[in-house]
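Report on one structure; see the data block that follows.
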Amino acid sequence: MSSRPTTNPSWSSQSGNLSTNRPWTGHSRPTTGRPQTAASTRHDGSYVVAVLEGRGISREVGIAALDKDTGKVILVQIADCQTYVKSLHQMHIHYPNLVLIPDTFLSASDAALAPSGKRSASTSLLVEYIREEFPGVELEPVGRRYWNDASGLEFILQLCVEDDERAGTVLAVSNKYYALSAASALFKYAEARLNTRFAAGSLRIRYVPVDGTMMIDPDTARNLELVGNMTHKKSTHSLFGVLNHTFTPMASRLLRVNLLSPVTVQSSVDARLDVVEELINAEDRFTYVRDALKTFTKMDFDKLIVALASSEARMTTNAKPASQRVLQILNLRNVVKNIPMLSKALEGCKSQLLRIVYDMLSDQRIDDIERLISKFLNEDATPTKGGLAALNARVYAVKANCNRLLDVARETYKENIGDIYQLNRSLSEEHSLPLTLVYQETGFMFALKKNELDGELPRGFVNVSMKKGRWMFSSMELKKMNARMKDALDETLILSDKIIQDLMAEIVSDIGALYKASEAVALVDMLWSFAHASIIRPEFTGTLAIKGGRHPILETVQSAGTLVPNDVYCDDSSSFQIIQGPNMSGMELARLADLPADVLTEGKRVAQKLATLQTRQEESSESYKISIRRKALLRLRTQLTQAYEHSALPDQDLLAYIGRFQADIAKAFLPG
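Counting in the UniProt record's numbering, the final residue of the sequence shown is number 672, and the numbers go up one at a time with none missing.
Take a look at the structure:
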């Protein structure tokens, strides 16, 4: 009998019922000991990822990933290798918190599945790799009949937002059988198990080609500390931490994806560099863009859009979702009001990419959405955190006379609040105590400072506790009033939510403009972050020449002036170099090798001579200087290596040997 945890019976081919058992997280073979990647240790997954592999030796893998929070859907189909490195790379970029797999990918010994036909003799190798690479992520088996390419295409045609990329997405994915099948299982799972139904034309669905980006395997990303520190998970000492000066969560996500899968098309890279250069050279524009981005601080535009465009598949009468939606529409109004400020900051830009972003932000449909929202919402209703002010902002968010029942419910709520404050005044006078009211999620409570009470509280007060130097308590009368107030509040929020849902039904037709604006804000935010951390603009040639290169993380950790830069030169003849060890470690190695002291002295003299000759060069090309110096140093390195290998020679012979190649090296720096 297997000791493995029971797999969720999922959607069997015999029944559409869903089990509530815990999803399958067991494993059938020992781990290889591979450490978690930086991506896994630094990023909490928000994607539900459906993965389907074709039969045969071609190893075609289809992936559909849905970000539950932002409504972003990614479709990929890859011809992978035996280790599935490409598929795992895509999953690291869109890090999952749940992976859907066909139930036929599991052997009978892996889990007690509902009967659904013939089981495999062994678990799919792809599943083995997924659960080894993502040990903390749940795997959910889904009945094979839900993986249907025709249904997947129907979902895409129905849900994909109406924008200029829709036609290209549909065309690209129309013949991708495995990606479409994965999309079918993904959307059916979202409705049946996540209780989420998306409005038609409300999701950003994109087919992502693997061309044009660099594939960085998870181990390399971890070792290079691209998005996370290897030693301390919460440390910002990583490339992501060095570059991340973004204001919005959208830009932070975009930066992470670009670090794990960098763009390799030179025209795209040059376009971004043009933006960074323009922001650096124009200080006023840099400041205007920064000030405009600050208005979006911590505002997740993507989450707002998808939260307002989605609804529960099984409706409830709970007022909590209604309260959240009222707050979300208030936040959405703030966002669309602030977009013109960023658009104005980009007006007159020279770089082509910023001009494109400017056009995206200047879409007339955004102004139409703002006018439509303002038609139903009060101007003075703003999102506020905590307390009675935040509650009143939601209650009075919708304008009067939009719904008669809503007006009556709000009047009742207002009267209940007045009764509670009258009770507070009466008890304060009766007991001669300066009682105040504090609103909490459960309702109002009485509060009294500790130093304002001598002795014990009068009789009739209940639920007494001490919090932050104040006595907190209630009474039976206050509890009754809280209950009446809560009923009026819930009714008010539910009626407001109905108006907001009708409002969103009108906005959905133009939701593509909101998604475009979100992409534009994220891109500008990321590029501004690059400009904030700028060092030098690279030139792309057939040779890699780095002058004064410094490690970006060490430069932030070490004291100013203590980091010694290194020059690097790579071309067709030398494409791999290792720089290892602290300063002067080469001399220490020579001493450990027991080389004669005169050899070390002569080596230092040669290096000093080279430095002196280098300063005399009048060549204008920096790369030429690096090339000459590199050749000389390579010669010196070769000769010193030979001296090291023949360290048994007499000192006089070694000195003569070094003298000959010293003269040869010096010639390279002499005029003519």
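We put the beta carbon where it would ideally sit given N, CA and C, even for glycine.
A check of alpha carbon separations from K320 across I494, E140, D525 identifies I494 as the nearest. From the listed residues S235, L226, T169, the smallest Cα separation to I205 is found for T169. DSSP places N244 in the coil class of the three-state scheme, outside both helix and strand. V227 sits in coil when the DSSP states are folded into three classes, being neither helix nor strand. Residue environment for R193: buried (at least 16 other C-beta atoms within 10 angstroms of its C-beta). The distance from the Cβ of T123 to that of L98 is about 18 Å, inconsistent with a contact at the 8 Å cut-off. In this structure, A522 keeps its C-beta atom at 8 Å or more from the C-beta atom of T264. By the CB criterion at 8 Å, G201 and E162 fall inside the cutoff.
Considering only L255, L260, F530, the residue with the shortest C-alpha distance to D217 is L260. Taking every protein chain shown into account, the CB of S426 has fewer than 16 other CB atoms within 10 angstroms, so this residue is exposed. At a Cβ-Cβ threshold of 8 Å, Y515 and I305 count as neighbours. P434 is not bridged by DSSP to any residue. V127 and N482 have their alpha carbons spaced roughly 53 Å apart. Beta-bridge pairing by DSSP links I499 to no other residue. Closest in alpha carbon position to F530, among L52, A199, P135, V269, is V269.
DSSP, read as helix, strand or coil, puts R484 in helix. Cβ neighbours of V508 within its own chain (closer than 8 Å, five residues either side excluded): A199, A200, G201, S202, A309.
In the structure shown, V61 falls within a strand segment according to DSSP collapsed to helix, strand and coil. Around the C-beta of I536, fewer than 16 other C-beta atoms lie within 10 Å, and the residue is accordingly described as exposed. With 16 or more other Cβ atoms inside 10 Å of its own Cβ, Q77 counts as buried. Of the candidates I499, E555, L423, M526, the residue whose Cα lies closest to the Cα of K480 is L423.
By alpha-carbon distance to L88, the top candidate from P434, L125, S496 is L125.
Distance from I373 to L332 at the Cβ level is roughly 7 Å; contact confirmed, criterion being Cβ atoms closer than 8 Å. Shown here, D219 sits in a helix according to DSSP, grouped into three states. With a cut-off of 8 Å on Cβ pairs, the segment 384–396 is not in contact with the segment 456–463, counting fewer than three such pairs. Just measuring C-alpha positions, the residue of M230, A545, E138, N392 sitting nearest L489 is N392. Going by DSSP, V76 is part of the beta strand (DSSP E) stretching over 72–79. In the same chain as L273, and ignoring 5 residues on each side of it, the C-beta atoms closer than 8 Å to its own belong to R537, P538, in chain order. Note on geometry: alpha-carbon atoms of Q501 and D302 lie some 18 Å from one another. Taking 8 Å as the cut-off, the beta carbon of Y129 is found closer than this to the beta carbon of Y84.
E53 is the residue among A182, S496, E53, S362 whose C-alpha sits nearest the C-alpha of C81. No Cβ-Cβ contact shorter than 8 Å links K486 with G418. Residue burial is scored here from C-beta neighbours: Y421 has fewer than 16 other C-beta atoms within 10 angstroms and is therefore classed as exposed. About 6 Å separates the Cβ atoms of M341 and T295, confirming a contact at the 8 Å cut-off. Counting along the chain, the unbroken beta strand (DSSP E) around V462 starts and ends at 461–467.
Comparing alpha-carbon positions, the option among V336, A307, N338 lying closest to S323 turns out to be A307.
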